[in-house]
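For the protein sequence lines, the chains are A and Y, in the order given.
Numbering-wise, the numbering used here comes out as the position in the first sequence, counting from 1, plus 256.
Numbering-wise, the numbering used here comes out as the position in the second sequence, counting from 1, plus 174.
Written out below as structure tokens is the structure these notes cover.
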Amino acid sequence: MNLLFDFTVDKAAKTIYITREFAADQDLVWDAFTKAEFLDKWQAPKPYTLYTKEMDFRVGGRWLYAMVAPGMSPETAHQYSMVEYLEIRPKTSFSTRNTFADENGNPRTNAFSLVKNTFKQGNGITTVYIEKRFEDLAVLEMMATLGFKEGTIAGFGNLDELFRNLVTSK
Amino acid sequence: MRRDIFQAIADPTRRAILVLIAVQAMTPNAIAEHFDITRQSISKHLRVLSECDLLAKKQDGREIFYELKIDKMKEIDTWLDQFRKIMEERFQNLDQLLFTLKNKGK
């Protein structure tokens with residue numbers, strides 16, 4: 257099946273727009289985006305696995321997770337990503353504020369992005385629209401200049417590294 | 175002096191200058207016309223951008239044109255490209271998960 261995937265960048269608006277179709281009903285796709293047991297199964301780029309430390313999917317709640325490198329145990333993870341839930345319209349959309357944190361959910365940096373995920377039911381297909389806005393072009397720029405030096409693993413480990421550099425270089 | 179790229183774009187005027195010269199090479203005067211600040215301030219911003227290695231100078235007769243150093247900006251595109259690939263891979267993981275879940279439900 258040919259599922260639509262569109263990835264558009266508006267640098268002036270500091271926003272990335274992603275559209276993706278999934279061959280499942282809205283309820284299921286919604287669960288896959290909002291329940292830790294499912295997120296753990298698809299969010300990590302290989303060969304990483306995802307470890308959820310906390311998940312509280314409601315407005316004001318947060319998801320605290322780490323990418324775990326192969327051969328490492330979750331206990332040794334100290335680079336966490338934090339997703340705070342700002343607005344939830346069940347099955348339809350939710351908005352988050354994403355940042356980097358330590359294992360207790362203390363933000364590691366002031367840099368963050370705002371993300372809105374919207375779900376639309378079609379005929380046996382659900383379309384998900386993701387809008388990811390960076391708070392500042394500088395953040396995007398720093399990701400570009402400092403991140404991904406290490407090559408292809410391009411995952412969040414690198415972004416963590418990058419933000420660590422960003423914070424200490426100030 | 176070499177500066178951090180972060181300094182270059184921490185300032186809204188400098189970001190606006192980058193956007194302007196990304197479209198076409200411009201003289202300092204032409205750049206200054208777009209802003210309601212002194213020519214001296216524009217020169218200062220251009221100096222910072224040069225020190226951040228974001229500007230290339232081109233001499234054309236008596237005029238000096240500033241243009242964007244593409245290599246530096248390409249790093250953003252590289253990052254975006256990587257991010258796109260991560261998202262693609264994630265979504266393929268999700269396709270598989272959804273397939274598994276649907277079959278389980280039957």
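Virtual Cβ for every residue (Gly too), placed ideally from N, Cα, C.
In the DSSP secondary-structure assignment, residue 216/Y is not bridged to any residue.
In the DSSP assignment, residue 230/Y falls outside any alpha helix (DSSP H) and lies within the beta strand (DSSP E) extending over 229 to 234. The CB of residue 191/Y never comes closer than 7 Å to any CB in chain A; the least such distance is about 13 Å. The region 262 to 279 of chain Y makes contact with the region 278 to 298 of chain A; the number of CB pairs closer than 8 Å reaches 3 or more. Between the alpha carbons of residue 189/Y and residue 359/A lies a gap of roughly 35 Å.
Interface flag for residue 265/Y against chain A is set, since a Cβ pair is found closer than 8 Å. Three or more Cβ pairs closer than 8 Å define a contact, and the region 271 to 278 of chain A meets that threshold against the region 375 to 389 of chain A.
By the beta-carbon neighbour count (other beta carbons within 10 angstroms, threshold 16), residue 340/A is buried. Taking C-beta separations shorter than 6 Å and ignoring five residues to either side along the sequence, the partners of residue 263/A in its chain run 274, following chain order. Taken through DSSP and simplified to helix, strand or coil, residue 315/A comes out as coil. Per DSSP, the continuous alpha helix (DSSP H) segment holding residue 293/A begins and ends at 292 to 298. In this structure, the beta-carbon distance from residue 260/Y to residue 301/A falls below 8 Å.
Residue 313/A and residue 187/Y have their alpha carbons spaced roughly 40 Å apart. DSSP places residue 207/Y outside both helix and strand once states are collapsed to three, so it counts as coil.
Using beta-carbon distances, residue 298/A counts as an interface residue toward chain Y, with a partner under 8 Å. Spatial neighbours of residue 353/A in its own chain (CB-CB distance under 7 Å, excluding positions within 5 residues in sequence) are listed in chain order as 340, 342, 368, 370.
By a beta-carbon distance limit of 8 Å, residue 357/A contacts residue 338/A. Their separation comes to about 4 Å. Residues of the region 273 to 307 of chain A whose Cβ lies closer than 9 Å to any Cβ of chain Y, in chain order: 274, 276, 278, 279, 280, 281, 284, 285, 287, 288, 289, 294, 297, 298, 299, 300, 301, 302. Distance between residue 213/Y and residue 239/Y, taken at the CA atoms: about 15 Å.
Contact note: residue 268/A reaches chain Y through 193, using a C-beta cutoff of 9 Å and chain order. Judged by their CB atoms, residue 280/A and residue 276/Y are nearer to each other than the 8 Å cut-off. Taking residue 317/A as reference, the option from 333/A, 350/A, 374/A with the minimal CA-CA separation is 350/A. Secondary structure of residue 288/A (DSSP, three-state): helix.
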